[in-house]
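Presented below is the structure to which this report refers.
2 protein chains.
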Amino acid sequence: MNDRLQVRRPTIAAVAASAGVSKATVSRFFNHEELLTPDIAARVKKAITELDYAPSPMAQALSRGRSRLIGLIVADITNPYSVAVLRGAEKACQEGGYLVMLFNLGNAIGREREAIDALAGYQVDGFILNTLGRGAGVMEALERNGKPAVLVDRRHSGMTADFVALDSAGAMVAACNHLVENGYRELMYVTEPKKGVSSRRERATAFNKFSSSHATRVAGQVFEYSEESGSLLEDAIRALIARAGSAKDGRRAAVISGNAVVTLRIASIAAQCNWKFGADVGFLGFDDPEWAPLIGPGLSAIAQPTDAIGRTAATCLIDRLHGEQAPPRQILLPGQLVVRGSSDTRVGRD
Amino acid sequence: MNDRLQVRRPTIAAVAASAGVSKATVSRFFNHEELLTPDIAARVKKAITELDYAPSPMAQALSRGRSRLIGLIVADITNPYSVAVLRGAEKACQEGGYLVMLFNLGNAIGREREAIDALAGYQVDGFILNTLGRGAGVMEALERNGKPAVLVDRRHSGMTADFVALDSAGAMVAACNHLVENGYRELMYVTEPKKGVSSRRERATAFNKFSSSHATRVAGQVFEYSEESGSLLEDAIRALIARAGSAKDGRRAAVISGNAVVTLRIASIAAQCNWKFGADVGFLGFDDPEWAPLIGPGLSAIAQPTDAIGRTAATCLIDRLHGEQAPPRQILLPGQLVVRGSSDTRVGRD
DNA sequence: TTGTACGCGTTATCAA
DNA sequence: TTGATAACGCGTACAA
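So the sequence lines, in the order shown, correspond to chains A and B.
Here the working numbering runs 717 ahead of the position in the first sequence, where the first position is 1.
Here the working numbering runs 717 ahead of the position in the second sequence, where the first position is 1.
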């Protein structure tokens, strides 16, 4: 036995020889069995099971031009949101008979083109993109390779492709309304640098729109947080609380976080400063990480339907691969407001 | 129906024609440029850049039998540990010029074979496996496909392959010693069902070994936690605390968690019961999730070098692909003990 | 040094 | 209904 050097899987030729038919017939058994005589089909089937044969997807891809592969490009696999979406997408892909090829940008902007070309080289049938904002050459690379794509969470300006994301505007309005109803009047929205990231921009815009249209009762402010500006954030929240406290009508202050990364940072600051969420300062964050219930009185959150987002993106893409010709869709999925102690003024008052 | 505009990438034939040479010459330009006349090489290069040609990795794979693809099979992509490892591995793969094909089992045992075969169909050159315990047919599938594999975190019994993981035994000893030094004497190790998962078994074994060899001073107990037995865990911890409290020498109770999932559950129970970590009950958990510092006085942890584990696994595999013939290696990476308030008796005493 | 021809494992187009 | 045979895009003995 020389299976020690290299184990070759049986080929279609081997099956054909074993069944005493041509390769074409074996191929038909898989792709057009209806054209086969029962007798012949049985013989082929026997040979297939005997040899434990399975067609090589690679060779199929080369021949057909389709690979049943989907390229998934993600800006930063560290981001729990991305992983959650990835999970839903990968699941739907598997169910649809597709395999996922993953490319992580590691937040390295400008590698998008490279990623697309690399995956296109493997004949992926389409792309799911959860990447950065300034898609320099992204669209060009997509066009050049002639592959459809679905954008998740972040849309590229000037790119006409299917787009799946949280309904950020709707979620923001729900968040703000909830806070206002609970007596919070001094609001601050903390976001990572907006740059070209559409979801961040849209949330900030929705926040500004809300606060300006409720200007008589509510004061709103946007804070751009980045790693370097850590202490500035603490000062800003402190000022916010002070502003609320000094107002004669007992306005309450609340912070809205743009995502889980920011939430973590704010929770950390609050722990240091010994602020009580809900009482000293209200809080509500986009994303609902598993640990949200464990911080203080529990952190209120906008839970994103990450699994559905990933799943929708994948099925959306697969539909296109199956010939769907509809114009680019914009699918916005609703978030779910999860109310916990951090946005409830009754908590911690006692 | 085939009127869909398929954008074809330029082929080697097109380059050859454009440069006025044969396909073989173009192929040599990429693989054996040293054999080429400078004159010809220049012409080929010109044609390549003009046409923006890049070889098709798929066709190369079919022809060579190697694909520069690595199959990564993970038991559960929901698990942050798996994701962290995945991240390190994917990075190292990219740096080595390999792409990752991801297959998530979604904890569906028995799909390992299926996953291996699916990925092998795409000619992946090797596997990184972070899967379940009872690898029924896993080894057989691997052998049948003749591909090397590296095991991460979980080793399969009777499988001779490279293995990369945390030094569980060493970490457990460090954890226990730390707790004992801080006055904790009633110890309980909480793990998910051990079943066939080697890392869980090894940690439990190390714990038992420690407590039996320190039996004069320390009492140790292992608790198997599963979703269904949630309330049992609360009772067990309560009993542990009671045992410690009733002892006249003021022994202190501490819980060790086997991973982040269990840690979350314990933290949740502690919040409900209003236990103060460090004072009422000590705590130390395997894995150091980002939120560990935020719970109570901060949760002590064994931080796993997940990035290094992933990276090591990948390079290990790539070495093999490059012809490395050494016998199966067992690479155990040290964890890092991160001490926070939950294992410090001074905290919360006031 | 370069070109020819064949193989890699399939599918698809013809004839038969 | 079935079977040769030519793609698919590339690597590589072998010949020139």
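Beta carbons: idealized from backbone N, C-alpha and C, even for Gly.
Only E860, R861, N862, G863, K864 from the segment 852 to 870 of chain B bring a Cβ to less than 9 angstroms from some Cβ of chain A.
Under the three-state reduction of DSSP output, A866 (chain B) falls in the strand class. Boundaries of the alpha helix (DSSP H) around G838 (chain A): 829 to 838. Neighbours of P1010 (chain B) across chain A, judged by C-beta separation under 9 angstroms: S985, A988. Between M818 (chain A) and chain B, the shortest Cβ-Cβ separation is below 8 angstroms. Beta bridge pairing from DSSP links N821 (chain A) with A:V791. Taken through DSSP and simplified to helix, strand or coil, L753 (chain B) comes out as coil. Listed by position along chain B, the residues whose Cβ is nearer than 8 angstroms to that of M775 (chain A) are M775, A778, L779, S784, G838, Y839, Q840. Excluding the 5 residues flanking it on each side, N862 (chain B) has same chain C-beta neighbours closer than 6 angstroms at A837, in chain order. Three or more beta-carbon pairs drawn from the segment 1013 to 1027 of chain B and the segment 1037 to 1055 of chain B are found closer than 8 angstroms, and the two stretches are therefore classed as touching. The beta carbon of V1056 (chain B) sits no closer than 8 angstroms to any beta carbon of chain A. Considering only A:Q777, A:T766, A:Q938, A:R872, the residue with the shortest C-alpha distance to N748 (chain A) is A:Q777. Segment contact: the segment 944 to 958 of chain B against the segment 889 to 896 of chain B, fewer than three CB-CB distances shorter than 8 angstroms; contact not assigned. A straight line joining the alpha-carbon of S974 (chain B) with that of G995 (chain B) spans about 14 angstroms. With respect to chain B, the C-beta atom of R1037 (chain A) has no partner C-beta closer than 8 angstroms. Beyond the five residues adjoining it in sequence on each side, D1061 (chain A) comes within less than 7 angstroms, by CB distance, of N899, G995 in the same chain, given in chain order. At least one CB atom of chain B sits nearer than 8 angstroms to the CB of G823 (chain A). The beta carbon of D879 (chain B) sits closer than 6 angstroms to the beta carbons of V867, C1033, P1045, R1046 from its chain, once the five residues preceding and following it are set aside; these are given in chain order.
Against chain A, the beta carbon of T795 (chain B) has neighbours under 9 angstroms at V800, A801, R804, listed in chain order. Burial state of T766 (chain B) is exposed, judged by a 10 Å Cβ sphere holding fewer than 16 other Cβ atoms. In this structure L822 (chain B) is not in contact with F844 (chain B), their Cβ atoms being roughly 13 angstroms apart against a cut-off of 8 angstroms. Taking the beta carbon of V724 (chain B) as reference, the chain A residues within 8 angstroms of it are E860, R861, N862, G863, listed in sequence order. By the neighbour-count definition (other C-beta atoms within 10 Å, threshold 16), A970 (chain A) is a buried residue.
Contacts with chain B (Cβ-Cβ distance below 7 angstroms) from the segment 991 to 1007 of chain A involve E1007, listed in chain order. Listed as beta-bridge partners of G1002 (chain B) by DSSP are B:S974, B:A1018.
DSSP places T742 (chain B) in the uninterrupted alpha helix (DSSP H) bounded by 740 to 748. Sequence-ordered contacts of the segment 970 to 984 of chain B with chain A read L981, A984 [C-beta pairs closer than 7 angstroms]. Here M905 (chain A) is bridged, per DSSP, to A:Q938, A:V972. The beta carbons of I1026 (chain B) and A923 (chain B) sit no closer together than 8 angstroms.
Within the model, the alpha-carbon separation for A1043 (chain A) versus T1029 (chain A) is close to 16 angstroms. For the options A:R968, A:K993, A:S946, the alpha carbon positioned closest to that of V979 (chain A) is the one of A:S946.
Residues of the same chain with a CB within less than 6 angstroms of the CB of N976 (chain A), apart from the 5 flanking positions on each side, are F1003, D1004 in chain order.
Think of a sphere of 8 angstroms around the beta carbon of K926 (chain A): no beta carbon from chain B falls inside it, the nearest being about 32 angstroms out. Following the DSSP letters along the chain, one finds I729 (chain B) inside the alpha helix (DSSP H) bounded by residues 729 to 736. The Cβ atoms of Q840 (chain B) and M818 (chain A) lie no closer than 8 angstroms to each other. Ranking A:E941, A:R726, A:R934 by CA distance to the CA of G967 (chain A) puts A:R934 first.
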